[in-house]
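Written below as structure tokens is the structure these notes are about.
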Amino acid sequence: MNSKMPIYFLVFAIISLVLGMCFGMTASFQYVMPEFLKDYFPFSKLRPFHATSVIAWIILAATGSIYFFLTYVEKFKLFSPVLGKLHFIIFLLTGTAIYYSYTFDYTEGREYFAFPSFLMIPILIGWILFGINYFKTLYQNMRGWPVYYWMWGTGIAFMTYHLMEAHFWLFDFFRLDFIKDFSVQWKSTGSFTGSWNMLVYGISIYLMSKIKSDTNVATNKVAFFFYFLGLTNLMFGWAHHTYLVPTQPWIRYVAYGISMTEWIVLASIIYNWKRSVLKVEKENHPMAYRFLLATDLWVFLNIILALLFSIPAINYFTHGTHITVAHSMGTTIGINTTILFSALFFIIHHLYPQYNTDRKWVKRGFIAFNISLFLFCASLFAAGVKRSYWMYVTKVGAFSEMEESMVIYYISFFIFGIGIFISLVTVVFPIFKMLLLKLKPGK
Amino acid sequence: MPVNSKPYLYAIAFLLVTFGLYNYVVYTTESYIAVEKLSPQAVKGQQLFQSNRCWSCHQLYGLGGYLGPDLTNVFSDEKKGPLYIKAFLNSGVKSMPQFNFNEEEKEAIVAYLKQVDETGIYPNYDAKIEATGWVKLKYRNE
């Protein structure tokens, strides 16, 4: 009998997602009413809760899915089920400790890692255990590895490195030199995102190859070309976050050059549009198919945005505005979350082949989710344009006046944020129930 | 068709070596402009900036939260400056939490923001957009 460990990862991923959305909605309301709950849950407290919870959703869902695919679908014998359980327990206990630290304001860290730095040690141990288990399980079959195995392995290795890099500020060598420290902080943050993208995008290729029953999707040379292109961007393309910081110009030239290679990805998406996911045999996996279809659309929209503001002349006007937030919401919700939902539906079908996921309310939730997300990102984009106009064109008036003039956009993004919450809960509820059933003793 | 993994392993090895060299250079290269090391007082200010999660709402060089203004040049801003910063810290206006910094802590935060300010300008209006899409910025002390 397979271990229930992957299911535990997935259950806690869904809990993190729901909690993260609750924190996010409350925080976004403070843009509309700045004094709302300020004495108890100021924005500065809610934001770390929100960021950590939604990152936990992506990490736990990706990890659980990978463990599931390896053991339940591919039928590999995990090198050590005990290490897998230990990995889950470490993440669970560390997550609880992080929530505790945020509740009682033990927050000595930085953006995205606000918790006390020593809590990074168990997180790193968790990733190392995952790495040992992953590579030891798959090492024997390395000769025939499809691209997703490379992507998952890369994601695990680089995640471990960049989590360490995000804490280089603890050393005076970095910390005392503000520009170096600041650049390395944003280098690590950008590459940390790139690392989880390796895990999640690997999952999307895995799903495509399985749903299509076509291994060529994951073994052809084009798939490997894009893997190496992504890896090069992960390693060297981070500096578009810091174009305006006085680092050495060559760092920024390299980032500009590397980022522009993503035009190839865009051209490929357009060229392959009709040949890619649209041909997937959707009968057995209707919802997994729909979410992958949505991913295709969100990749298309976000890559255009990312490419445009990787051009320094455009980045100059968009940097430091909500346009950046629109992009990060578009990628984390639009791309990462749709892929992970597709994985959840695939997993449910594997666990319960007779269970019908193609239900009326799930389909409605899926449509409402995409519409809400589009309008949510559009509100942020409009707010970003207005802020940029204030910064570079009018250049007059206090910050607070500019903020007050943007309330209409904030109301809009708060309302569509609620839309995302309701629609995702509608979609995820049946999955959550079925996963919980699997955790019952004897199942 | 089974995948021949060898060429991919070589490609990864090449990228990893390049990445290692690249990181070494990034970590050891000085900034584009001369920057003084943070003083012990500024380091304390930075600690307070972090432990009170100022980055949740405020930005430095346009990086951080969006609920509050960017603080890169708040120290040298003619309309703001050190007294304004100190007055604002415990004010609790709008969405700003009600902090209770003592005088020494306020001085430390001001010292940190002073040193941040000395590193450059944001937003930098002294910029020239080139035909290649590049932006040539004129930094402080250049």
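Same order as they appear, the protein sequences are chains X and G. FYI, the numbering for the first sequence is 2 to 444, going by this note's numbering. FYI, the numbering for the second sequence is 15 to 156, going by this note's numbering. Glycine is no exception: its CB is placed at the ideal position from the N, C-alpha and C atoms.
(request) Using a Cβ cut-off of 7 Å, pull out every chain X residue sitting near VAL111 (chain G), in sequence order please. (result) Along the second sequence, read from residue 1 onward, the residue named residue 111 (chain G) stands at position 97. The displayed chain sequence assigns Pro, not Val, to residue 111 (chain G). The contact set of PRO111 (chain G) on chain X, defined by CB atoms closer than 7 Å, consists of LYS39, PRO43 and SER45 in chain order.
(message) Can you list, in chain order, the residues of its chain with a C-beta nearer than 8 Å to that of LYS86 (chain X)? Leave out the 5 residues immediately preceding and following it.
(response) For the purposes of this step, residue 86 (chain X) is identified with residue 85 of the first sequence, where counting begins at 1. Closer than 8 Å at the Cβ level, and outside the excluded window around LYS86 (chain X), lie SER4 and MET6.
(request) Report, in whole angstroms, the separation of the C-beta atoms of ILE252 (chain X) and GLY147 (chain G), which I expect to be a contact under 8 Å. (result) Against the first sequence, residue 252 (chain X) aligns to sequence position 251. Against the second sequence, residue 147 (chain G) aligns to sequence position 133. By a beta-carbon distance limit of 8 Å, ILE252 (chain X) does not contact GLY147 (chain G). Their separation comes to about 17 Å.
(message) Rounded to the nearest angstrom, what separates THR427 (chain X) and GLY366 (chain X) at their Cα positions?
(response) Position 426 of the first sequence, counted from the first residue, corresponds to residue 427 (chain X). Position 365 of the first sequence, counted from the first residue, corresponds to residue 366 (chain X). For THR427 (chain X) and GLY366 (chain X), the distance between alpha carbons rounds to 6 Å.
(message) Going by the DSSP bridge assignment, what does LEU120 (chain X) pair with across the sheet?
(response) Along the first sequence, read from residue 1 onward, the residue named residue 120 (chain X) stands at position 119. Here LEU120 (chain X) is not bridged, per DSSP, to any residue.
(message) With a threshold of 6 Å on Cβ separation, who are the neighbours of MET15 (chain G) within its own chain once the five nearest residues in sequence on each side are excluded?
(response) Indexing the second sequence from 1 puts residue 15 (chain G) at position 1. With a pLDDT of 47 at MET15 (chain G), under the threshold of 50, the predicted position of this residue should be treated as unreliable, though the coordinate-derived value follows. The beta carbon of MET15 (chain G) sits closer than 6 Å to none of the beta carbons in its chain outside the five residues before and after it.
(message) Tell me the residue span of the alpha helix (DSSP H) that contains VAL57 (chain G).
(response) Taking the second sequence and counting its residues from 1, one reaches residue 57 (chain G) at position 43. Residues 54–65.
(request) Would you kindly report the start and end of the unbroken beta strand (DSSP E) that includes VAL149 (chain G)? (result) Taking the second sequence and counting its residues from 1, the one referred to as residue 149 (chain G) is at position 135. Residues 149–151.
(message) Just to confirm the assignment, what range does the alpha helix (DSSP H) spanning ALA141 (chain G) have?
(response) On the second sequence, position 127 is the one that residue 141 (chain G) refers to. Where ALA141 (chain G) is concerned, there is no enclosing alpha helix (DSSP H), although the beta strand (DSSP E) it sits in stretches over 141–143.
(request) Identify the continuous alpha helix (DSSP H) that holds MET199 (chain X) and give its terminal residues. (result) Residue 199 (chain X) sits at position 198 when you count from the first residue of the first sequence. Looking at the DSSP string, the run of the alpha helix (DSSP H) that includes MET199 (chain X) is 179–213.
(request) Mark LYS211 (chain X) as exposed unless 16 or more other C-beta atoms lie within 10 angstroms of its C-beta, in which case mark it buried. (result) Position 210 of the first sequence holds residue 211 (chain X). LYS211 (chain X) should be labelled buried.
(request) Give the C-beta separation of TRP151 (chain X) and TYR228 (chain X) to the nearest angstrom, bearing in mind that I take them to be a contact with Cβ-Cβ under 8 Å. (result) Walking along the first sequence from the start, residue 151 (chain X) turns up at place 150. Walking along the first sequence from the start, residue 228 (chain X) turns up at place 227. Confirmed, about 6 Å.
(request) Could you check which residue in X:LYS39, X:HIS88, X:THR104 and X:MET392 has the C-alpha nearest to that of TYR135 (chain X)? (result) Reading the first sequence from its first residue, position 134 is the one you call residue 135 (chain X). With distances taken between Cα atoms, TYR135 (chain X) lies closest to X:HIS88.
(request) Scan the stretch 69–89 of chain G for residues whose Cβ lies nearer than 8 Å to a Cβ of chain X and list them as they occur along the chain. (result) For the stretch 69–89 of chain G, residues whose beta-carbon sits nearer than 8 Å to a beta-carbon of chain X comprise TRP69, SER70, CYS71, GLN73, LEU74, TYR75, GLY76, LEU77, GLY78, GLY79, TYR80, LEU81, GLY82, PRO83 and ASP84.
(message) Let me make sure I understand the geometry here. Which of X:TYR149, X:LEU47, X:VAL255 and X:ILE59 has the alpha-carbon closest to that of THR216 (chain X)?
(response) Position 215 of the first sequence, counted from the start, is the residue given in the question as residue 216 (chain X). Nearest option by C-alpha distance: X:TYR149.
(request) Return yes when the Cβ of LEU84 (chain X) is within less than 9 Å of the Cβ of PHE13 (chain X), no when it is not. (result) Taking the first sequence and counting its residues from 1, one reaches residue 13 (chain X) at position 12. Taking the first sequence and counting its residues from 1, one reaches residue 84 (chain X) at position 83. Their beta carbons are not under 9 Å apart, which means PHE13 (chain X) does not touch LEU84 (chain X) by this criterion.
(message) Looking at chain C, is there any beta carbon in it that lies within less than 9 Å of the beta carbon of GLN61 (chain G)?
(response) The chain inventory of the structure shown lacks chain C, comprising the protein chains X and G.
(message) For the stretch 154–165 of chain X against the stretch 122–136 of chain X, do three or more pairs of beta-carbon atoms, one drawn from each stretch, fall closer than 8 Å, so that the two count as touching?
(response) By the Cβ rule, the stretch 154–165 of chain X counts as touching the stretch 122–136 of chain X, because three or more pairs are nearer than 8 Å.
(message) Are the CB atoms of GLY195 (chain X) and ASN234 (chain X) within a distance shorter than 9 Å?
(response) Taking the first sequence and counting its residues from 1, one reaches residue 234 (chain X) at position 233. Taking the first sequence and counting its residues from 1, one reaches residue 195 (chain X) at position 194. Yes, the Cβ-Cβ distance between ASN234 (chain X) and GLY195 (chain X) is below 9 Å.
(request) Verify the CB distance criterion: does GLN55 (chain G) have a CB-CB separation below 9 Å to chain X? (result) The residue you call residue 55 (chain G) lines up with position 41 of the second sequence. It does not: the Cβ of GLN55 (chain G) has no partner Cβ on chain X nearer than 9 Å.
(message) Short of 8 Å in beta carbon distance, which residues of its chain neighbour SER81 (chain X), apart from the five on each side in sequence? Order them along the chain.
(response) The sequence position of residue 81 (chain X) within the first sequence is 80, counting from 1. Excluding positions up to five away in sequence, the list reads ILE133, ASN134 and LYS137.
(request) Examine chain G for any beta-carbon lying closer than 9 Å to the beta-carbon of THR104 (chain X), and answer yes or no. (result) As a first step, residue 104 (chain X) is located in the first sequence; it is residue number 103 there, counting from the start. Taking Cβ atoms only, chain G never reaches closer than 9 Å to THR104 (chain X), which makes this a no.
(message) Which same chain residues end up closer than 8 Å to ASP140 (chain G) when comparing Cβ atoms and leaving out the 5 residues on each side of it in sequence?
(response) Residue mapping note: residue 140 (chain G) aligns to position 126 of the second sequence, counting from 1. Counting only residues of its own chain and dropping the five nearest sequence neighbours on each side, ASP140 (chain G) has a CB closer than 8 Å to the CB of LEU151 and LYS152.
(message) Assuming contact is defined by CB atoms lying nearer than 9 Å, are PRO137 (chain G) and MET392 (chain X) in contact in what I supplied?
(response) For the purposes of this step, residue 137 (chain G) is taken as residue 123 along the second sequence, with counting starting at 1. For the purposes of this step, residue 392 (chain X) is taken as residue 391 along the first sequence, with counting starting at 1. One thing to note: PRO137 (chain G) has its Cβ within 9 Å of the Cβ of MET392 (chain X).
(request) With a 10 Å radius around its C-beta and 16 neighbouring C-beta atoms as the bar for buried, classify GLU112 (chain X) as buried or exposed. (result) As a working mapping, residue 112 (chain X) is identified with position 111 in the first sequence. Burial call: buried.
(message) Short of 7 Å in beta carbon distance, which residues of its chain neighbour TYR68 (chain X), apart from the five on each side in sequence? Order them along the chain.
(response) Here the question's residue 68 (chain X) lines up with position 67 in the first sequence. Correct list, in chain order: MET6, PRO7, PHE10 and GLY85.
(request) Measure from the C-beta of GLY147 (chain G) to each C-beta in chain X and report whether the shortest distance is under 9 Å. (result) As a working mapping, residue 147 (chain G) is identified with position 133 in the second sequence. So, interface residue.
(message) Could you compute how far the alpha carbon of LEU23 (chain G) sits from the alpha carbon of PRO111 (chain G)?
(response) Position 9 of the second sequence, counted from the first residue, corresponds to residue 23 (chain G). Position 97 of the second sequence, counted from the first residue, corresponds to residue 111 (chain G). When rounded, the distance between both Cα atoms is 52 Å.
(request) Step through the CB atoms of chain G and report whether any lies within less than 9 Å of the CB of PHE400 (chain X). (result) As a working mapping, residue 400 (chain X) is identified with position 399 in the first sequence. Chain G contact via Cβ: present.
(request) Entirely within the stretch 84–161 of chain X and at least 4 residues each: give me those alpha helix (DSSP H) ranges in chain order. (result) DSSP runs (the alpha helix (DSSP H)) wholly in the stretch 84–161 of chain X: 121–139.
(message) If the criterion is Cβ atoms closer than 9 Å, does the pair LEU139 (chain X) and PHE42 (chain X) meet it?
(response) Walking along the first sequence from the start, residue 139 (chain X) turns up at place 138. Walking along the first sequence from the start, residue 42 (chain X) turns up at place 41. No.
(request) Compare the beta carbon distance of PHE342 (chain X) and PHE292 (chain X) with 9 Å and say whether it is the shorter of the two. (result) Within the first sequence, numbered from 1, the residue matching residue 342 (chain X) stands at position 341. Within the first sequence, numbered from 1, the residue matching residue 292 (chain X) stands at position 291. Contact annotation: PHE342 (chain X) and PHE292 (chain X) have beta-carbon atoms nearer than 9 Å.
(message) When you compare the CB of GLN141 (chain X) with every CB in chain G, is at least one pair closer than 9 Å?
(response) Numbered from 1 along the first sequence, position 140 holds the residue referred to as residue 141 (chain X). Not closer than 9 Å to any Cβ of chain G, the Cβ of GLN141 (chain X) fails to qualify, so no.
(message) Check for me: the alpha helix (DSSP H) holding VAL31 (chain G) runs from which residue to which?
(response) Residue 31 (chain G) sits at position 17 when you count from the first residue of the second sequence. Where VAL31 (chain G) is concerned, the enclosing alpha helix (DSSP H) stretches over 20–42.
(message) So, for VAL408 (chain X): in the same chain, excluding its five sequence neighbours on each side, which residues have a beta-carbon less than 7 Å away from its beta-carbon?
(response) To locate residue 408 (chain X), count along the first sequence from 1; it is residue 407. Result list for VAL408 (chain X): VAL33, in chain order.
(message) Please report the distance separating the alpha-carbon of SER17 (chain X) from that of VAL55 (chain X).
(response) For this step, residue 17 (chain X) is matched to residue 16 along the first sequence. For this step, residue 55 (chain X) is matched to residue 54 along the first sequence. Taking the straight line from one Cα to the other gives about 6 Å.
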